[in-house]
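In the numbering used here, the protein residues as written are 320 to 1029.
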């Protein structure tokens, strides 16, 4: 943070130093508008509020951003905190700046530590805004950085909350976008506020070590410069202190004290070409002994955030460990500024080809988040993608692919192309056939074997780790589920239409279109899918198609014929009596039955294990013996209540099993619970109890089925 408050003149001077043609009038107008809008507001420590947007704009100028971005930085709080509207900004500054400010306004109420759902929803908004215009997140970064720099003025609980979300979300995100200096700032400032005692102790120890080693590093630097001149290799040498949070993490990970951390200080050499980077590496290794396992070639194999450097640690003069970073100036700019070093916003924020490499992972997250309704699941997925541990594997042509640790051949296949993933039947790793769930390791050469008849398997979701693979597999399953639900829904609808003696041509009628509009459904296929999913019943829909008739007073009570599906029923000691099966227990042929004589509605037939019999048995005189034998192909209605894990494809699996035993579904209802369970009620046409029991045995074997009852 700068010692003196930023002024508009300072800001303009900074911008024109790297962009002489900048339209400074826009910056002046944005400053005066923001200053006027915030004139009555002050920061919590008492300073004029305008100092905050000026500081944000100054940070963006340090990142060498374009005028529209810096103007949006000056205006970023006007809509949120004043009476300014989006229309005001659009009329005065144009669509581009208005879009940036409006996008930031939508993100302004993120409070990660208070409500998890709100945290996830707002983070989703940030990702979506980033995907439209990367400048949104860069302005948000600048806003967050200044807030972190002035965090000490807030109450301690707010300091902890903001520091925690900065460390968990913003620092890794800055790193994923390749902005190294910003990641370091976020981490150190968060560390400072989360564990101030440890931070202050470490600052003192590093300062002491710096004094001890400064002369040593000066001597090493002078020797390197001398050798570079002798070899005719251009290069500048500087030394740096590892940032505090990085040292702290190393102490935690290796369970060592500060005194046991050998590489607190390091040297950085910047040269002109890639070839000279390797030449300097050879020179260093000829002067001192390299430490095994401490060499990293990030030039040949760049990190996912485009970071490139050669890293090596050697036993330097007097046996001291010295770490070197070797890179070109272009690599240095990318290492420090990442996506901001490619700020070519010639098409109003659209991302160029180089910048696109930084956010390809973002599209996978945005795609995947459609399937992640639960807030905690979504945030965990984001954290895993923002800061992944990686391996490097090769295609048969020698191309390098960076994959998360734990990746399988299926993850690799989807990283190449969706169709390669969908048609993947096998894989060769280092010329050996391996299972699809094989865990890839760095250095593996992977060849995918495909087949045009192969389709994704639900089992793949058990071992894939990349969001891209998970998303594509779920997309395919969802499409298949929809297809099966349309088939099932169509069948249920047709059965219901025939039951009411209606013509199937009714689906093309104007009345049908009215029904679709009533249920807010776009097409007949969507209607079938809703019925198949259990979101609507065929009965509900067809009832809307039947004209309402005024109720008629019956003059004579008709004798009801024995329904076809109930033939074979005998009631002991009673002839020609009306009867019906109870809807509380849905008895079928083969069940142990008992009848209850009702007043005016004949005999209601129950299963003997029906829970309602305890109440009915109070009047034994009204109970009669019933026998029901299966009669050829006649069917009766049976109910099955199935409790399952709530996951894609479950309803389709159940429907397929029911169909496999020649049982028709006449009605179904499905609902979900908060604990991720599904509750599905099927009304089925079955011949007898044996057929029903066979079906139940098959259903309980389906993975994800928790309970089946009648």
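No residue lacks a Cβ here, since even glycine has one placed at the ideal position from N, Cα and C. Computed from a predicted structure; not experimentally measured.
For a cut-off of 8 Å, the C-beta gap from residue 1010 to residue 980 is around 7 Å, short enough to register as a contact.
Between residue 613 and residue 592, the C-beta spacing is not below 8 Å. Residue 461 counts as buried, since at least 16 other C-beta atoms from the protein chains shown sit within 10 angstroms of its C-beta. Between the C-alpha atoms of residue 921 and residue 902 there is a straight-line separation of about 15 Å. In the DSSP assignment, the residues bridged to residue 962 are 998, 1026. Of the candidates 575, 392, 585, 855, the residue whose Cα lies closest to the Cα of residue 558 is 585.
In this structure, the CA atom of residue 982 is about 18 Å from the CA atom of residue 817.
Here residue 652 carries a helix assignment [DSSP, helix/strand/coil].
Here residue 349 really is in contact with residue 390; their C-beta atoms are around 4 Å apart, less than 8 Å. With contact defined as three or more Cβ pairs closer than 8 Å, the region 726-744 and the region 753-772 are in contact. Judged by DSSP secondary structure, residue 983 falls within the beta strand (DSSP E) whose first and last residues are 983-991. With contact defined as three or more Cβ pairs closer than 8 Å, the region 840-851 and the region 800-812 are in contact. Collapsing the DSSP output to three states places residue 625 in coil.
The three-state reading of DSSP puts residue 495 in helix, counting H, G and I together. Distances from the alpha-carbon of residue 1006 to those of 713, 572, 984 put 984 closest. The three-state reading of DSSP puts residue 755 in coil, since its state is none of H, G, I, E or B. In the structure shown, residue 586 adopts extended strand secondary structure according to DSSP, grouped into three states. Around the beta carbon of residue 463, 16 or more other beta carbons lie within 10 angstroms, which makes this residue buried. Within a 10 Å sphere around the beta-carbon of residue 365 sit fewer than 16 other beta-carbons, which makes this residue exposed. In this model, residue 890 and residue 856 are separated by some 34 Å (Cα to Cα).
The C-alpha of residue 482 is placed about 55 Å away from the C-alpha of residue 977. In the same chain as residue 865, and ignoring 5 residues on each side of it, the C-beta atoms closer than 8 Å to its own belong to 819, 821, in chain order. At the C-beta level, residue 392 and residue 372 come within 8 Å of one another. Every unbroken stretch of the alpha helix (DSSP H) spanning 4 or more residues and falling wholly within the region 837-863 is given here in chain order: 843-852.
In this structure the region 951-958 does not touch the region 988-998; the number of beta carbon pairs closer than 8 Å is below three. A distance below 7 Å between beta-carbons, with the five flanking residues on each side excluded, links residue 1024 to the following residues of its chain, in chain order: 961, 963, 1018. Distances from the CA of residue 331 to each of 361, 379, 800 were compared; the closest alpha carbon is that of 379. Residue pairing by DSSP places residue 518 in no beta bridge whatsoever. 8 Å or more divides the Cβ of residue 583 from the Cβ of residue 610. Around the beta carbon of residue 929, 16 or more other beta carbons sit within 10 angstroms, so the residue counts as buried.
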